[in-house]
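Notes follow once the structure below has been shown.
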DNA sequence: ACGATTTGCCTAATACCTTTAGGCAAATGC
DNA sequence: GCATTTGCCTAAAGGTATTAGGCAAATCGT
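Residue numbers (our numbering), protein chains in the order written: chain A, 58 to 244; chain B, 58 to 244.
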């Protein structure tokens, strides 16, 4: 028989696609093997197991998200940068719900330290350059931003804003605006 | 043999305890049967299956959370009420991480409509009575509050603030404060 | 080009979780 | 005290995860 050409990287990418189709929690070694038309144990040459697969998808999503954020922030400052960062997360979550869920997968300390999570923190601080905040307020502000973005996006993804007026977009715009005000008048 | 005295309610409660011990995603019909010292199929007289179990734990957690919030809000208004509501969520999540995760379990529209989720929305609006907001701003504000609370709590639970200074508590206080300012000067 | 080595994917086997079907015995009701 | 209901059981089938061990395809040295 011809070989399928599996690699760890290809499995992580296919896993990410699968996550967007069926949800991150339903990404299984079995489903991935089916997708490649190979037997389940074949994947174990490339992956240590389910947890390893999930972690690799998480790392992939974090990278994509950080790349997108970095591009969105280039040449922007202040409220523009704030909205660009928020929109990056929100749009990514809506286009790639499974990958967004993967990005929230808990990583052990060592893995997290080597992940693109670090760049996310740097990008958040880059946005705050437009707001002139000293420590420890800068850290508080990073956490506020992260909480607001992640909170809104995950509630929206869960459908919390679906069947009610006004639409989520208008709340999002209003929230970005109030976040900008908060950061400008942090004192 | 004597009977174990299983009931749907008892299973949901034990499931909630199990969730806090091992994580909501690891709550399984098998583990629950072990906990009661009965065979796995015995639970199927009381539960339709795993999804049903998860849903019942979610409903239980939503009730507890709404009860706690209602009690915390009694006799409070303005910033006090805001902080009381936020603290209710945060404290519950730290004391009962599995149940908090359960409360985030997606429910179908019908189940959600009959759940304590409805009371949560009412309680959020009750807090906003202290801030004099008309629609649609009130809805935007409910969503901002929900996003901020849920975002912070879930990031904290995931350990996002663990190994860095300053501690999560000081950021939380700062965030509640800025949320209060935002709501007071919503225009 | 060809044999030796590496490597990729396979089958077999074990273990656990889920769910359905059907049975016996304990509780309940007359 | 007997009949009915009901609670928990065993049996069985299907899916996922993981390990062990084998064969064949790709790769490499000569």
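For glycine and all other residues, C-beta sits at the position ideal for the given N, C-alpha and C.
I need the DSSP call for residue 221 (chain A), collapsed to helix, strand or coil.
For the purposes of this step, residue 221 (chain A) is taken as residue 164 along the first chain, with counting starting at 1. DSSP places residue 221 (chain A) in coil when its eight states are reduced to three.
Please list, in chain order, the chain A residues whose beta carbon lies closer than 9 angstroms to that of residue 223 (chain B).
On the second chain, residue 223 (chain B) is found 166 positions in, with the first residue counted as 1. Near residue 223 (chain B) (Cβ distances below 9 angstroms), the residues of chain A are 192, 193, 196 and 197.
Using a Cβ cut-off of 7 angstroms, pull out every chain B residue sitting near residue 205 (chain A), in sequence order please.
Working through the first chain from its first residue, we reach residue 205 (chain A) at position 148. 204, 205 and 208, listed in chain order.
Can you name the start and end residues of the alpha helix (DSSP H) that residue 81 (chain B) belongs to?
Your numbering for residue 81 (chain B) matches position 24 in the second chain. Residue 81 (chain B): not part of any alpha helix (DSSP H); DSSP gives it neither H nor E.
State the DSSP-derived secondary structure class of residue 106 (chain A), mapped to helix, strand or coil.
In the first chain, counting from the first residue as 1, residue 106 (chain A) sits at position 49. If DSSP states are grouped into helix, strand and coil, residue 106 (chain A) belongs with coil.
Taking the alpha helix (DSSP H) that residue 145 (chain A) falls in, what are its first and last residues?
Counting from 1 along the first chain, the entry for residue 145 (chain A) is found at position 88. Taken as a continuous stretch (DSSP letters only), the alpha helix (DSSP H) holding residue 145 (chain A) covers 135-152.
N-terminal and C-terminal residue of the alpha helix (DSSP H) that residue 170 (chain B) is part of
Here residue 170 (chain B) refers to the residue found at position 113 when the second chain is read from its first residue. Counting along the chain, the alpha helix (DSSP H) containing residue 170 (chain B) begins and ends at 166-170.
Unbroken alpha helix (DSSP H) run spanning residue 194 (chain A), endpoints:
Taking the first residue of the first chain as 1, we reach residue 194 (chain A) at position 137. Where residue 194 (chain A) is concerned, the enclosing alpha helix (DSSP H) starts and stops at 194-214.
Please classify residue 72 (chain A): does DSSP put it in a helix, a strand, or coil?
Within the first chain, numbered from 1, the residue matching residue 72 (chain A) stands at position 15. Here residue 72 (chain A) sits in helix by DSSP.
Is it right to say residue 148 (chain A) is buried, meaning 16 or more other beta carbons lie within 10 angstroms of its own, or is it exposed?
Taking the first chain and counting its residues from 1, one reaches residue 148 (chain A) at position 91. Answer is exposed; the Cβ neighbour count stays below 16.
Could you tell me if residue 217 (chain A) is buried or exposed, where buried requires 16 or more neighbouring beta carbons within 10 angstroms of its beta carbon?
The residue labelled residue 217 (chain A) in the question sits at position 160 within the first chain. When all chains shown are included, residue 217 (chain A) counts as buried.
Residues in the region 150-163 of chain B having any Cβ partner in chain A nearer than 8 angstroms:
161 and 163
Comparing C-alpha positions only, which one of B:101, B:129, B:84 and B:78 sits nearest to residue 63 (chain B)?
Within the second chain, the letter at position 6 stands for residue 63 (chain B). Out of B:101, B:129, B:84 and B:78, B:101 has the C-alpha closest to the C-alpha of residue 63 (chain B).
CA-to-CA distance, residue 112 (chain B) to residue 115 (chain A), given in whole angstroms:
Start at 1 with the first residue of the first chain, and residue 115 (chain A) comes out as number 58. Start at 1 with the first residue of the second chain, and residue 112 (chain B) comes out as number 55. Roughly 26 angstroms between the two C-alpha positions.
If you check the beta carbons only, do residue 110 (chain A) and residue 146 (chain A) fall under 9 angstroms apart?
Here residue 110 (chain A) corresponds to residue number 53 of the first chain, with the count starting at 1. Here residue 146 (chain A) corresponds to residue number 89 of the first chain, with the count starting at 1. Taking 9 angstroms as the Cβ cut-off, residue 110 (chain A) and residue 146 (chain A) do not qualify as a contacting pair.
Which of helix, strand or coil DSSP assigns to residue 231 (chain A):
Numbered from 1 along the first chain, position 174 holds the residue referred to as residue 231 (chain A). It is helical.
How is residue 191 (chain B) classed by DSSP in three states: helix, strand or coil?
Here residue 191 (chain B) corresponds to residue number 134 of the second chain, with the count starting at 1. Three-state result, residue 191 (chain B): coil.
Could you check the C-alpha separation between residue 201 (chain A) and residue 152 (chain B) for me, to the nearest Å?
Position 144 of the first chain, counting from 1, holds the residue named residue 201 (chain A). Position 95 of the second chain, counting from 1, holds the residue named residue 152 (chain B). Linking residue 201 (chain A) to residue 152 (chain B) through their CA atoms gives a straight-line distance of about 22 angstroms.
Any Cβ of chain B within less than 9 angstroms of the Cβ of residue 232 (chain A)?
The residue you call residue 232 (chain A) lines up with position 175 of the first chain. Yes - at least one Cβ of chain B is within 9 angstroms of the one on residue 232 (chain A).
Compute the distance between the beta-carbons of residue 96 (chain A) and residue 205 (chain B), then report whether it is under 9 angstroms.
The residue given as residue 96 (chain A) occupies position 39 in the first chain. The residue given as residue 205 (chain B) occupies position 148 in the second chain. No.
Taking only beta-carbon positions, decide if residue 81 (chain B) is within less than 9 angstroms of chain A.
Here residue 81 (chain B) refers to the residue found at position 24 of the second chain. Taking Cβ atoms only, chain A never reaches closer than 9 angstroms to residue 81 (chain B), which makes this a no.
Among B:215, B:207, B:144 and B:179, the one whose alpha carbon lies nearest that of residue 230 (chain B)
Locating residue 230 (chain B) in the second chain gives position 173, where the first residue counts as 1. Out of B:215, B:207, B:144 and B:179, B:144 has the C-alpha closest to the C-alpha of residue 230 (chain B).
Residue range of the unbroken alpha helix (DSSP H) whose run includes residue 177 (chain B):
Within the second chain, residue 177 (chain B) is the residue found at index 120, counting from 1. Here the alpha helix (DSSP H) through residue 177 (chain B) covers 174-185.
Out of A:84, A:90, A:183 and A:225, which one is the CA nearest neighbour of residue 132 (chain A)?
The residue given as residue 132 (chain A) occupies position 75 in the first chain. The residue with the shortest Cα to Cα distance from residue 132 (chain A) is A:183.
For residue 238 (chain A), go through chain B and note every residue whose CB falls closer than 8 angstroms to its CB, in chain order.
Taking the first chain and counting its residues from 1, one reaches residue 238 (chain A) at position 181. Per Cβ cutoff of 8 angstroms: 239 and 242.
Could you give the distance in angstroms between the alpha-carbon of residue 79 (chain A) and the alpha-carbon of residue 84 (chain B)?
Here the question's residue 79 (chain A) lines up with position 22 in the first chain. Here the question's residue 84 (chain B) lines up with position 27 in the second chain. Straight-line measurement puts the Cα of residue 84 (chain B) at about 21 angstroms from the Cα of residue 79 (chain A).
Going by CA-CA distance only, name the one from B:173, B:223, B:176 and B:209 that's closest to residue 192 (chain A).
By 1-based counting over the first chain, the position of residue 192 (chain A) is 135. Among B:173, B:223, B:176 and B:209, the Cα nearest to that of residue 192 (chain A) is on B:223.
Whose C-beta lies closer than 6 angstroms to the C-beta of residue 119 (chain B) among residues of the same chain, with five residues either side of it excluded?
Walking along the second chain from the start, residue 119 (chain B) turns up at place 62. Result list for residue 119 (chain B): 160, 172, 173 and 174, in chain order.
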